[in-house]
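See below for the structure under consideration.
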DNA sequence: CTATATGCAAATCGTTTGCACCTTA
DNA sequence: TAAGGTGCAAACGATTTGCATATAG
C-alpha cells in the first residue's frame with residue numbers, strides 16, 4: 001500500500017514477494033547463470049528489488065553513493081543488463097529521458113507516468129493478458145510481451161498547476 | 163488494407179481520411195501556427211501522412227533522397243518537432259533504436275511491434291479509451307494519453323526462425 | 001524585404017565498451 | 001589462481017542546436 005501526499009488516492013499492488021525475497025530471487029538467478037555475487041551487485045539488487053519510484057540507473061547509483069562511494073555508474077548499467085537478460089527486471093524505455101527500471105514486478109504491467117515530475121506508479125488494473133492472447137490469435141503475431149503506459153499529471157503536479 | 167508477404171494475416175485500419183487529406187490537414191495546421199510551407203516540409207508531411215511502416219526520421223529522410231537529394235536529416239527532425247507540438251504526429255519512443263512516427267493516426271492507439279525486424283503495424287483493437295477514463299477516475303491522475311505496444315514475432319520472422 | 005527555414009557541423013546525453021587492475025569462488 | 005567483475009575514460013548513436021546562407025510570404 002502506498003499513497004500520494006496531498007491526495008486521498010490510494011492504490012494497491014498485487015500481493016507479491018517481499019523486497020527481501022525478491023532480492024534473494026534475483027541473486028539466486030544471477031548465481032545460477034554463472035555470475036558472481038559481489039557487494040556492488042547485491043546492493044544494486046536491493047535497490048531494484050524495492051524499485052521505489054521505478055528508479056533510473058543514475059538514481060540507483062545515487063542512492064548507493066553513501067554506502068558505496070566508489071561504485072561506478074557503468075557497474076549499475078552492467079548489472080541491469082544481466083538482470084534484463086535473465087528477465088528479472090522490467091525496463092521502461094524513453095528516448096528523451098533516462099530509462100526506468102522495475103525489479104520488483106519484472107512482468108509486463110501497466111504504469112501511470114506523470115509528464116511533469118516523472119513519477120511512475122503501478123495502478124491496479126487486471127485483465128490485460130487476455131488482450132495479448134486475443135491479439136496473438138487475431139494477427140498471427142507471436143505476442144510475447146507488452147507495454148502499457150498512461151501519461152498525465154499526478155495529483156501533486158495537478159495541484160501545483162492550478 | 164494491408165497484408166504480410168508469406169502470410170494469410172490481414173488487418174484493417176479504421177476508416178480514416180486519405181493520405182492526401184491528412185497531408186493537407188497537417189499543412190493547414192502548420193500554416194495556422196505561423197510556419198512556412200517549404201517544399202521540404204510538404205515532402206516530409208507526405209511521407210508522414212502515409213506513415214507506411216511507421217518510419218523513423220532516418221527512413222523519412224532516406225525515402226526523400228531521390229526527390230530532395232540535398233535535404234538534411236536535421237530538417238526532418240525539426241519538422242517532426244513542429245508536428246509533435248501541434249499534436250499531428252504520434253511518436254513511439256525507443257531508447258535502443260530510432261524513434262518511429264505515425265502521422266496518419268496521431269491519436270494514441272495500440273501497436274504490434276516485431277522484435278526481430280522492427281516492423282510496426284496497427285492492429286484493430288477497439289475500446290481502450292474507456293480504460294484511460296476509468297484510470298483517471300480511480301487514481302486521481304489526469305490521464306491525457308497512453309501507449310500500448312505488443313511485442314512479438316511477426317508472421318514473416320516467425321517463419322524464418324523455425 | 002524580413003522573418004523564418006535550411007543545411008552543415010558541432011554539441012548533447014544516456015548508454016555501452018575497452019582495458020588495466022581487483023575480487024569472488 | 002583463474003574466470004569474471006570493477007572503475008575509469010573513451011566511444012557510440014540518436015537527436016538537438018548554433019549559425020551562416022537561402023527562401024517563403
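Chains as they are written, first to last, in the numbering used here: chain X, 1 to 162; chain C, 163 to 324. Think of the CB as a built atom: it goes at the ideal place given N, C-alpha and C, for glycine as much as any other residue.
Chain X within 7 Å of residue i, Cβ atoms only
i: residue 218 of chain C; result: no
i: residue 254 of chain C; result: no
i: residue 302 of chain C; result: yes
i: residue 318 of chain C; result: no
i: residue 305 of chain C; result: yes
i: residue 313 of chain C; result: yes
i: residue 171 of chain C; result: Legend: pLDDT at residue 171 of chain C = 35, less than 50; position of this residue unreliable, value from coordinates given subsequently. It does; some Cβ of chain X falls within 7 Å.
Chain C within 7 Å of residue i, Cβ atoms only
i: residue 84 of chain X; result: no
i: residue 147 of chain X; result: yes
i: residue 119 of chain X; result: no
i: residue 162 of chain X; result: no
i: residue 123 of chain X; result: yes
i: residue 95 of chain X; result: yes
Supposed contact pair residue j and residue i - C-beta distance, whole angstroms, cut 8 Å
i: residue 249 of chain C; j: residue 268 of chain C; result: 6 Å
i: residue 95 of chain X; j: residue 256 of chain C; result: 6 Å
i: residue 142 of chain X; j: residue 315 of chain C; result: 5 Å
i: residue 260 of chain C; j: residue 213 of chain C; result: That pair is no contact at about 14 Å.
i: residue 61 of chain X; j: residue 100 of chain X; result: With a Cβ gap of about 14 Å, residue 61 of chain X and residue 100 of chain X do not count as contacting.
i: residue 137 of chain X; j: residue 79 of chain X; result: The pair is not a contact, with the Cβ atoms about 38 Å apart (cut-off 8 Å).
i: residue 197 of chain C; j: residue 244 of chain C; result: 6 Å
i: residue 181 of chain C; j: residue 146 of chain X; result: Rounded, the Cβ-Cβ distance is 29 Å, inconsistent with contact.
i: residue 140 of chain X; j: residue 317 of chain C; result: 4 Å
Check whether residue i and residue j have beta carbons under 7 Å apart
i: residue 234 of chain X; j: residue 89 of chain X; result: Any answer about residue 234 of chain X is impossible in this case: the structure gives chain X only from 1 up to 162.
i: residue 192 of chain C; j: residue 205 of chain C; result: no
i: residue 110 of chain X; j: residue 148 of chain X; result: yes
i: residue 320 of chain C; j: residue 266 of chain C; result: no
- Task: Compile a chain-ordered list of the residues in the segment 206 to 237 of chain C whose CB is closer than 9 Å to at least one CB of chain X.
- Result: none
inquiry  = What are the residues in the segment 99 to 114 of chain X lying within 7 Å of chain C by C-beta distance?
reply    = 99, 112
Exercise. Where are the alpha helix (DSSP H) runs, 4 residues long or more, that stay fully inside the segment 268 to 315 of chain C, in chain order?
Worked result: 291 to 301
**Q.** Contact set between the segment 185 to 199 of chain C and chain X, restricted to residues whose Cβ is under 9 Å from the partner
**A.** none
Task: Start-end ranges of the beta strand (DSSP E) lying completely within the segment 43 to 96 of chain X, minimum 3 residues - done: 90 to 92
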